[in-house]
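One structure is given below, encoded as structure tokens.
In the UniProt record's numbering, the protein residues as written are 1 to 597.
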């Protein structure tokens, strides 16, 4: 039977409606990219105005507004999921509820906030209007999922019909269920706060969230993320791997040691453990398997070594810790340099003494997730100058690949410790130097790097903002972390706090854990704040190697499709914990180093 005009029109309308969420995601991506570009341009103009005494005002405020808007521009992407199954349905419901709560809260706050920014001469409420607009776009993007629609309905109902305060564990329970359902941590925090025992209305939640994004030092985060993206677009990852292979040549464990060295070197570029885990899984694991490493062990070394970039400067984790505890970014980065060297040394030793050829009883035989044996060269990416199974050493010319990251590290740390630049200005310096290195990659890769950096920066910004209402609830609840720590010397409290951090790090993203725990635990420990902050950050990062989540292991498994990695990473986790013990016992390696520089 031929299709009628009415049926054809309905089919066309349905097809058009199905394309709307994808269009919303694409539009949000473009907006986020433009916002990051505006942020960089405004900060550059602000620095130029200060250095050259130009009559420019309001540039820093524009950058701050762009950073806040960037946080909400990622909402449509966070809610756009095509996964199926009961867990995915529950995740869509909770995410939809959180987005609806944000939209209602931001809109309500926009109506309550008065006044005009004196420098820009625009209403302060516009910040909330922009955020509410992106939240509404996220709700549109989520309409493809019936469970998300149900969550949106629940959020709207709660905003219209006040519910009585729930028990004190209600918010914790919702947050835990959201994490189990793999809801993005920022949205899980919003959902948990929304049902917490009557502390914050939707408008108060939105105002606290926006206030959490206001510290000027946070603007350094997207700059260092962009710097790393530009360096990777210019091919620095392959060069670092090749240089690391040259250092570790002529040994049976050369590729494993090269993996550790590459992660340590990569720390001077990205400050991101997840980025390093993905890069190592793509470049080094196939070569290690081809050289005779058991597949699970190769993946485990890659996951374990990925801890290093978030300790060595410019560590994003330590930057977050500095912002959340009101400490010097430069001092924490110098202390992180000492901690990173200790952890790299202990991990290198564990890799060196682990036999390459014969798997130990703890480590499974090479196998992929489907049970088949891995192809030795599967997924391998040739790297000029990298160590090869034939044992031929790379030539020293590969060491030229170290110059860009070393130059950036020296400029950033040197400028900070000499007082020549602030952390934000150091980030701009890193972006400028990275752009010079990556310009030969062409316009396409550079635009892709800008887009990827905008996505990652927006997610980090939203996480920072979402943690602020939780911190407010902690502060007003009278909760004292010191009651959970034993009495006695400072080192006893630090050991106990380290145990708590190790436990929390197993289930919570390191960024969220830092924002939630550091303001509470570091003052409770007492003593040297720099030492305590670095030790607790390391403990949280080590949680990325352990079940039930183990984000670093998951990243490597997703790229390599190998199984048995959790068990294979155990010897290297033990080595890193031993290094953590050294850091606890010897503060001179962290805060002592920071005091000398």
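For every residue, glycine included, the Cβ atom is placed at its ideal position computed from N, Cα and C.
Which whole-angstrom value describes the C-beta separation of residue i and residue j, a residue pair presumed to lie in contact below a C-beta threshold of 8 Å?
i, j, result
"residue 236", "residue 453", "That pair is no contact at about 15 Å."
"residue 105", "residue 205", "5 Å"
"residue 281", "residue 555", "7 Å"
"residue 223", "residue 431", "5 Å"
"residue 332", "residue 322", "5 Å"
"residue 442", "residue 505", "Not really, about 39 Å apart at Cβ, beyond 8 Å."
"residue 75", "residue 110", "So it is not a contact: roughly 16 Å between Cβ atoms."
"residue 209", "residue 466", "6 Å"
"residue 185", "residue 502", "Contact doesn't hold; Cβ gap of about 18 Å is too wide."
"residue 301", "residue 256", "5 Å"
"residue 150", "residue 93", "5 Å"
"residue 215", "residue 263", "Contact flag wrong, Cβ pair sits at about 29 Å."
"residue 63", "residue 43", "5 Å"
"residue 303", "residue 553", "5 Å"
Buried or exposed: where does residue i fall if 16 or more other Cβ atoms within 10 Å of its Cβ makes it buried?
i, result
"residue 392", "Reliability of the predicted coordinates at residue 392 is poor, the pLDDT of 43 falling under 50, and the value obtained from them is presented with this limitation in mind. Exposed: under 16 other Cβ atoms inside 10 Å."
"residue 315", "buried"
"residue 548", "exposed"
"residue 53", "exposed"
"residue 338", "buried"
"residue 574", "exposed"
"residue 532", "buried"
"residue 528", "buried"
"residue 91", "buried"
"residue 494", "buried"
"residue 348", "buried"
"residue 530", "buried"
"residue 567", "exposed"
"residue 405", "buried"
"residue 115", "exposed"
"residue 588", "exposed"
"residue 87", "exposed"
"residue 65", "buried"
"residue 571", "buried"
Is residue i helix, strand or coil by DSSP?
i, result
"residue 55", "coil"
"residue 507", "coil"
"residue 116", "strand"
"residue 523", "helix"
"residue 389", "Summary for residue 389: the model assigns pLDDT 39, below 50, so the residue's position carries little reliability; its value from the coordinates is reported in the next sentence. Here residue 389 sits in coil by DSSP."
"residue 364", "Reliability fails at residue 364, whose pLDDT of 38 lies under 50, so the model's placement of it is uncertain and the value that follows must be treated cautiously. Of the three classes helix, strand and coil, the one that applies to residue 364 here is coil, per DSSP."
"residue 17", "Bear in mind that a pLDDT of 46 at residue 17, under 50, signals an unreliable position, so the number given afterwards is only what the model happens to contain. It is helical."
"residue 588", "helix"
"residue 500", "helix"
Quick one: give me the first and last residue of the alpha helix (DSSP H) that residue i is part of.
i, result
"residue 310", "Here residue 310 belongs to no alpha helix (DSSP H), and DSSP marks it neither H nor E."
"residue 558", "551-560"
"residue 182", "Looking at the DSSP string, residue 182 is not in any alpha helix (DSSP H), and its letter there is neither H nor E."
"residue 135", "125-141"
"residue 434", "423-438"
"residue 348", "329-353"
"residue 405", "403-417"
"residue 571", "570-585"
"residue 591", "591-596"
"residue 535", "529-542"
"residue 324", "316-325"
"residue 299", "295-305"
"residue 255", "254-266"
"residue 227", "220-233"
"residue 287", "285-290"
"residue 212", "202-212"
Does at least one heavy atom of the ligand COA sit under 7 Å from the Cβ of residue i?
i, result
"residue 509", "Summarising the ligand content, the structure contains no ligands, and the ligand COA is consequently not present."
Enumerate, from N- to C-terminal direction, the unbroken alpha helix (DSSP H) stretches of 4 or more residues contained entirely within the region 69-110. 75-79
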